[in-house]
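One structure below.
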Amino acid sequence: MLLNNFTLLYVEDDDDARDVTSTILRPKVKELFIASNGEEGLELYKQHSPDIVITDIGMPLMNGLDMCKEIKSINYFQLILVITAFNDIATLRSTIDLGIDKYILKPLYDYNKLFSTLENMAKILQLDIDMRNSKRISEIENKIKSMSDMIGNIAHQWRQPLSVISTSVSGMQINLEYGIHIEDKQIDECANRVLKNTKYLSKIIDDFSYFFEDTSTTLTLFSIKDAIEHNIDKLKESFEENNIHIIKNITDIEYFQNEEQFTKSILNIFENVKDVFTLHSEIKDRYFFIDVSKSNNEIVLIFKDNGGGIAEAILNRLFEPYFTTKHKRVGAGISLYMTNQVIVNNFNGTILAQNEIYTYNKKEYKGAKFTIKLPLN
Numbered sequence: 004m005l006l007n008n009f010t011l012l013y014v015e016d017d018d019d020a021r022d023v024t025s026t027i028l029r030p031k032v033k034e035l036f037i038a039s040n041g042e043e044g045l046e047l048y049k050q051h052s053p054d055i056v057i058t059d060i061g062m063p064l065m066n067g068l069d070m071c072k073e074i075k076s077i078n079y080f081q082l083i084l085v086i087t088a089f090n091d092i093a094t095l096r097s098t099i100d101l102g103i104d105k106y107i108l109k110p111l112y113d114y115n116k117l118f119s120t121l122e123n124m125a126k127i128l129q130l131d132i133d134m135r136n137s138k139r140i141s142e143i144e145n146k147i148k149s150m151s152d153m154i155g156n157i158a159h160q161w162r163q164p165l166s167v168i169s170t171s172v173s174g175m176q177i178n179l180e181y182g183i184h185i186e187d188k189q190i191d192e193c194a195n196r197v198l199k200n201t202k203y204l205s206k207i208i209d210d211f212s213y214f215f216e217d218t219s220t221t222l223t224l225f226s227i228k229d230a231i232e233h234n235i236d237k238l239k240e241s242f243e244e245n246n247i248h249i250i251k252n253i254t255d256i257e258y259f260q261n262e263e264q265f266t267k268s269i270l271n272i273f274e275n276v277k278d279v280f281t282l283h284s285e286i287k288d289r290y291f292f293i294d295v296s297k298s299n300n301e302i303v304l305i306f307k308d309n310g311g312g313i314a315e316a317i318l319n320r321l322f323e324p325y326f327t328t329k330h331k332r333v334g335a336g337i338s339l340y341m342t343n344q345v346i347v348n349n350f351n352g353t354i355l356a357q358n359e360i361y362t363y364n365k366k367e368y369k370g371a372k373f374t375i376k377l378p379l380n
């Protein structure tokens, strides 16, 4: 029986009924907790978080319905079976309103019916466990694949700087072996090349580590608006220093996903906008538009600026690892690649980069536009 794998809380104020039923239930479940009233039952629930709750309705101190209401406020998905002598419409409606799963009338003569009902509830619990385990395995497999991709990309990006370091040092070594005089200027140039490339290697590791922390499988229900506002606060000083005006039109939508990965991914777009205006000091009016809405059961996020746009020839390469349109002093180019990885592979969404000519305050502007679509199911 699947029931043997799960714990059960049994709440009944009638001494005889409680003794008989608990004696029958105990060998059928993993662990049985017994209470004689609603208050005692609620306390045991808080202590042990049982898989299934069986309760009577009419009890002293706290009745079964009030106890169920408190339990559902702790865990709305808690499976509850009510066994009661009340069979009026009002009581039935109350159990339905509370989201109680099963209802059996007293007196309870047919224990086979009780066990059949409990076994069906155990099947629901097992199915949920199997689905969560399957999802966990899938998440682990995706994480392993992502780590494999990360190692491959690190190796690819390390080859060039390692080659520069190796060539510089080996050149100096050969000169020493053959007694060739090395000028101070040559030593200084070699040291600078080595330092520059070792810093670049370190930056690559930092960039990848930022996105592959242990939080990658933590899912929570969070506010899209709050996540975006967090990024705005994080870059507030930089935006103000560069005279970038943020124009917001954000619908507050709750999203069940990895909040940290989402926030980091969107932050990459924010930082790219900041970098565009940093490199184009000739742009006077600087705008960053943020639009968030819900359409056809998906979240649509649109980010656009008036920084002049992206060269059409490289639009389709923006999400390649370490491809960058920036000067090397600004970044290594990993950010949009990682944003794409998270949005597409982790969130099953889409991200599109394009240029757009638009009018704002009766003036025409051109800039880059990023459209992200995230499914809500």
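Here the sequence shown is numbered in my numbering, starting from 4 and rising by one per residue. Where is the CB? At the ideal position from N, CA and C, for every residue including glycine.
Residue 364 burial status per 10 Å Cβ neighbour count (16 or more: buried): exposed
Cα-Cα separation, residue 374 to residue 250: 16 Å
Proximal residues to residue 198 (C-beta, below 6 Å), its chain only, five neighbours per side dropped: none
Residue from 265, 190, 51 and 185 with nearest C-alpha to residue 224: 265
Minimum C-alpha distance to residue 221 - residue among 376, 263, 164 and 289: 263
Contiguous beta strand (DSSP E) assignments of at least 3 residues, all confined to the stretch 161-249: 223-226
Which listed residue (40, 243 and 348) has its alpha carbon closest to that of residue 13: 40
Span separating the alpha-carbon of residue 54 from that of residue 113: 23 Å
Minimum C-alpha distance to residue 34 - residue among 194, 43, 6 and 370: 6
Cβ distance (whole Å) where residue 312 is taken to contact residue 277 below 8 Å: Contact doesn't hold; Cβ gap of about 16 Å is too wide.
Status (buried if at least 16 other CB within 10 Å, exposed otherwise) for residue 170: exposed
Alpha carbon of residue 355 to alpha carbon of residue 271, nearest angstrom: 14 Å
Every unbroken alpha helix (DSSP H) inside the stretch 332-363 [4 residues or more]: 338-343
Cut-off 6 Å between Cβ atoms - residues of its own chain near residue 62, not counting five sequence neighbours on either side: 16, 40 and 41
Nearest-angstrom Cβ-Cβ length linking residue 85 and residue 103, presumed shorter than 8 Å: 5 Å
Alpha carbon of residue 269 to alpha carbon of residue 119, nearest angstrom: 50 Å
Beta-carbon separation (whole angstroms), residue 124 vs residue 82, contact threshold 8 Å: 5 Å
Cβ neighbour criterion (16 or more within 10 Å) applied to residue 194: exposed
Residue(s) in a DSSP beta bridge with residue 24: None; residue 24 has no bridge partner.
Nearest to residue 9 (by Cα), restricted to the options 127, 22 and 60: 127
Same chain only: Cβ atoms within 8 Å of residue 257, ignoring 5 sequence neighbours per side: 224, 225, 226 and 227
Closest by C-alpha distance to residue 188, when choosing among 182, 59 and 175: 175
Span of the alpha helix (DSSP H), counted from its first residue to its last, around residue 262: 262-282
The beta strand (DSSP E) enclosing residue 11, as first and last residue numbers: 10-14
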